[in-house]
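Protein chains: 2
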Amino acid sequence: MSMDLRGHLDLLILAALRHTGPTHGYALIQALRDRSDGTFDLPEGTVYPALHRLERAGLVASAWNDDTGRRRRCYELTDQGRAALAAKQSEWHALVRGVAAILTPAQGAPA
Amino acid sequence: MSMDLRGHLDLLILAALRHTGPTHGYALIQALRDRSDGTFDLPEGTVYPALHRLERAGLVASAWNDDTGRRRRCYELTDQGRAALAAKQSEWHALVRGVAAILTPAQGAPA
DNA sequence: CCTTGACACCTAGAAACCCTAGGCCTAGCG
DNA sequence: CGCTAGGCCTAGGGTTTCTAGGTGTCAAGG
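From first to last, the protein sequence lines stand for chains A and B.
Take 21 as the starting number for the first sequence in our numbering and just add one per residue.
Take 21 as the starting number for the second sequence in our numbering and just add one per residue.
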């Protein structure tokens, strides 16, 4: 079950990363769950591969961090990632507008 | 190119069908394009298989119509389809709320 | 007559994506 | 020591969308 995310995962991850600043995957999952009030409870098998994909695409950069004795990979937005986030964000808004236009019952567009 | 629809196609088709009443695939494509002001310009290879899928799932029903001399398959929402549309619609709203929560910069939730 | 373009339907296969279902390791607590 | 939480990972399956074609009708124009 859970929420169907198709295609919007990148947007969510990039946006969450912008909000939290540099952080690691596990914390990102918690941030998404907390901030969305439980709507987005993503399995690790969804998030980690997505982060790898985003890194391959140059939208995030990662570095290992062992300060706490725990092995963590910290991710950070790149400039390209910030640009991509902005683009995806306006795509998202266009989608929302479009869907609203279809969902809204009739009422033609008077000048 | 075009707009990325992943996962929302069913919602759009069912909603468009509710709006237009019984109609055929080709007209549905035009309705989606017109009502969304060009945002949704779906290829036939996307819509026809989707309609077949929805019919297999019992959400729409179809009947051939040759009145105009043109071979058309007219689709119509079933009761199940209307219910599914309502469900998908609230799922969509939940998604929109969730994404908004992630996109919105900080500003904790004070009681 | 013949060609072009709009109308109208269809399928096969590729590509992308998300999720299930595991596995591996460490820190801390009882 | 055993257990739980933290933390990372991959392989493979199932679903979905799009690309790229194919078929045929109707109407208008040359």
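Just so it is clear, CB atoms sit at the ideal spot from N, CA and C, and this is done for glycine as well.
- In the three-state reduction of the DSSP assignment, residue 83 of chain A falls in the strand class.
- For residue 97 of chain B, the three-state secondary structure derived from DSSP is strand.
- Chain order gives the chain B residues near residue 59 of chain A as 114, 115, 117, 118 and 121, where near means a beta carbon separation below 8 Å.
- Residue contact check for residue 24 of chain A against chain B: a CB pair falls below 8 Å.
- Taking a Cβ-Cβ cut-off of 8 Å, the neighbours of residue 109 of chain A in chain B comprise 123, given in sequence order.
- The beta carbons of residue 67 of chain A and residue 37 of chain A sit about 11 Å from each other, so the pair does not count as a contact at 8 Å.
- In the DSSP secondary-structure assignment, residue 88 of chain B is not bridged to any residue.
- Taking all protein chains in view, the Cβ of residue 110 of chain A is surrounded by fewer than 16 other Cβ atoms within 10 Å, so the residue is classified as exposed.
- A check of alpha carbon separations from residue 70 of chain B across B:55, B:26, B:102 and B:122 identifies B:26 as the nearest.
- For residue 55 of chain B, the CB contacts under 8 Å within the same chain, skipping 5 residues up- and downstream, are 36 and 39 in chain order.
- Residue state for residue 44 of chain A is assigned as strand, using DSSP reduced to three classes.
- Counting only the Cα atoms, residue 24 of chain B lies some 23 Å from residue 44 of chain B.
- Closest option to residue 58 of chain B, judged by alpha-carbon separation, among A:124, A:119 and A:77: A:119.
- Taking 8 Å as the CB threshold, residue 82 of chain B stays off the interface with chain A.
- Residue 35 of chain B has a beta carbon lying within less than 8 Å of a beta carbon in chain A.
- In chain order, 119 make up the part of chain B whose C-beta sits under 7 Å from the C-beta of residue 28 of chain A.
- Residues of chain B with a Cβ closer than 8 Å to the Cβ of residue 32 of chain A are, in chain order, 119 and 122.
- Counting only Cβ-Cβ distances below 8 Å, residue 52 of chain B has contacts in chain A at 122, in chain order.
- At least one C-beta of chain A is nearer than 8 Å to the C-beta of residue 39 of chain B.
- When CB distances to chain B are screened at a threshold of 8 Å, not a single residue of the stretch 89–106 of chain A falls below it.
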